[in-house]
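Q: One gets my numbering by counting positions in the sequence shown from 1 and adding 6 to each. All C-beta atoms in this analysis are idealised placements derived from N, C-alpha and C, irrespective of residue type, glycine included. Treat the numbers as computed from the prediction; the structure is a model and nothing was measured.
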Amino acid sequence: MRSLTGTAVHDGLRNGYGYLAHLICVIALCGLASGVQAQGSAGPYVPTPWPIVDELLKLADIRKDDFLIDLGSGDGRLVITAARRYGASGMGIDIQAPLVKLATEGAAREGVSGRVRFLQADIFESDLSKASIVTIYLLPSIMDKLVPKLVKDLKPGTRIVSHDYPLEGMQYDRVLSFEFPEKVEISGTPRTVLYHYIVPAR
Ligand SMILES: C[S@@+](CC[C@H](N)C(=O)[O-])C[C@H]1O[C@@H](n2cnc3c(N)ncnc32)[C@H](O)[C@@H]1O
7 MRSLTGTAVH DGLRNGYGYL AHLICVIALC GLASGVQAQG SAGPYVPTPW PIVDELLKLA
67 DIRKDDFLID LGSGDGRLVI TAARRYGASG MGIDIQAPLV KLATEGAARE GVSGRVRFLQ
127 ADIFESDLSK ASIVTIYLLP SIMDKLVPKL VKDLKPGTRI VSHDYPLEGM QYDRVLSFEF
187 PEKVEISGTP RTVLYHYIVP AR
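(1) Report yes if the C-beta of Arg115 is less than 7 Å from at least one heavy atom of ligand 1; otherwise report no.
(2) With C-beta atoms as the reference, is Pro55 less than 8 Å away from Phe184?
(3) So, with DSSP's three-state summary, where would you put Ile148?
(4) Relative to ligand 1, is the shortest distance from any of its heavy atoms to the C-beta of Val106 smaller than 7 Å?
(5) Using the three-state DSSP reduction, which class does Phe186 fall into: helix, strand or coil?
(6) I think Val122 touches Val167, with their Cβ atoms under 8 Å apart; what is that distance to the nearest whole Å?
(7) If Ala215 and Gly78 are in contact, beta carbons under 8 Å, what's the gap, nearest whole angstrom?
(8) To the nearest angstrom, report how far apart Gln117 and Ala137 are at their CA atoms.
(9) Would you check if the segment 123-143 and the segment 90-110 touch, i.e. whether three or more CB-CB distances between them fall below 8 Å?
(10) For Thr141, which residues from the same chain have a beta carbon less than 6 Å from its beta carbon, with the 5 sequence-adjacent residues on both sides left out?
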């Protein structure tokens, strides 16, 4: 088991999201606590902590020629970091319009608008076929519904990284687990698991 500290890594991107992202996160956590979620929601907005963004993109072995789709993209941090740091392209899909706006503004601020875009849509009604990498941080209860969609849409060889929850009925080829103190307030435990899959040949 790897161990990460909860110390934030500061760079322009991280500071750029600032207060608004924090406020949205707090509101989302309140929504989670009270059971309030948007209609059609596969989970409330809870951002992946920054050190885990780094681990996740490394596990996906992201490269310049990749196209990453984040299912439920929140403030866009995975897609924007993939573009800014690795030169990749990508798309984020989120059901909540304010988050799509926040992510679009973040992409502009980070100078990656030409390579990424954010759509307000339901992931179950979106075409995912362009992805070479798919990232997921959604409720475990929707994982069984998500698998048929992934199998139908994604090309063989597409990498999938799921944060904390495995995909029902799919065999992962790598798994990374570590303790991350910041996760306690999100999921009640510091344990963080990243599952890596490769879509098999049909
Ligand atoms: C746990 S957050 C993850 C945010 C981001 N992927 C990250 O890792 O920082 C889940 C996100 O999925 C979005 N979401 C939930 N159900 C969705 C759906 N059916 N279609 C699109 N987005 C959805 C929520 O609005 C929320 O922003």
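A: Taking the coordinates as given:
(1) No, Cβ of Arg115 sits at least 7 Å from all heavy atoms of ligand 1.
(2) For Pro55 and Phe184, no; Cβs fall outside 8 Å.
(3) It is helical.
(4) Not so, every heavy atom of ligand 1 lies at least 7 Å from the Cβ.
(5) Assignment of Phe186 by DSSP, reduced to helix, strand and coil, places it in the coil class.
(6) At roughly 17 Å, the Cβ-Cβ gap does not stay under 8 Å, so Val122 and Val167 are not in contact.
(7) Since the first residue shown for the chain is 7 and the last is 208, residue 215 is missing from the structure and cannot be characterised.
(8) For the sequence presented, residue 117 should be read as Gly rather than Gln. Going from the Cα of Gly117 to the Cα of Ala137 covers about 21 Å.
(9) Contact between the segment 90-110 and the segment 123-143 is present, because at least three Cβ pairs lie under 8 Å.
(10) Asp76, Leu84 and Val167, listed in sequence order.
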